[in-house]
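> Once you've had a glance at the structure underneath, I'll fire off some questions.
Residue numbers (the working numbering): 820 to 906.
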C-alpha cells in the first residue's frame, strides 16, 4: 500500500518529529496549553503547525492546530517576596 492510501493518523505516527512539549493545564476543548521541553526551547514555536495524538474510548484521536501565542512565566519573578530582590 502506498503512503497516499494510508490513513492520516498512520502517516503522522511515522513522522520523526521532535517533541515540542507536553500537554499542560489548564487546557480546554478549544485551547491546549503546552509545557515546552528544554530540548525544544530554542526552536521557533510561534506560528508552527502542531499535532497531538491521544486515545479515548479505544479510538485514536488526532488534534491539529497552530501555535498562536507563547507566554513565558518564571514563578520566582511572580512571587511577591522575591520581586523586591530581583529588581
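Every residue gets a Cβ at the ideal spot worked out from N, C-alpha and C, and that includes glycine.
1. Pull the bridge partners of residue 860 from the DSSP assignment, please.
2. Apply the 10 Å Cβ neighbour rule to residue 840 and answer buried if 16 or more other Cβ atoms are within range, or exposed otherwise.
3. Strictly by DSSP, which residues pair up with residue 830?
4. Identify which residue in 871, 851, 900 and 901 has its Cα closest to the Cα of residue 890.
5. Would DSSP call residue 904 helix, strand or coil?
6. Which same chain residues end up closer than 8 Å to residue 802 when comparing Cβ atoms and leaving out the 5 residues on each side of it in sequence?
7. Kindly indicate which residue of 848, 874, 897 and 859 has the alpha-carbon position closest to the one of residue 884.
8. How would you write the range of the alpha helix (DSSP H) that residue 890 sits in, first residue to last?
Here's the rundown:
1. Paired residues: none, contrary to the question.
2. In the assembly as shown, residue 840 is a buried residue. Its beta-carbon has 16 or more other beta-carbons within 10 Å.
3. For residue 830, no pairing in a beta bridge is given by DSSP.
4. Out of 871, 851, 900 and 901, the CA that lies nearest to the CA of residue 890 is found in 851.
5. Residue 904 falls in the helix class under three-state DSSP.
6. Because the chain spans 820 through 906 in this model, residue 802 falls outside it and cannot be assessed.
7. The option with the nearest alpha carbon to residue 884 is 848.
8. Going by DSSP, residue 890 is part of no alpha helix (DSSP H) at all; its letter is neither H nor E.
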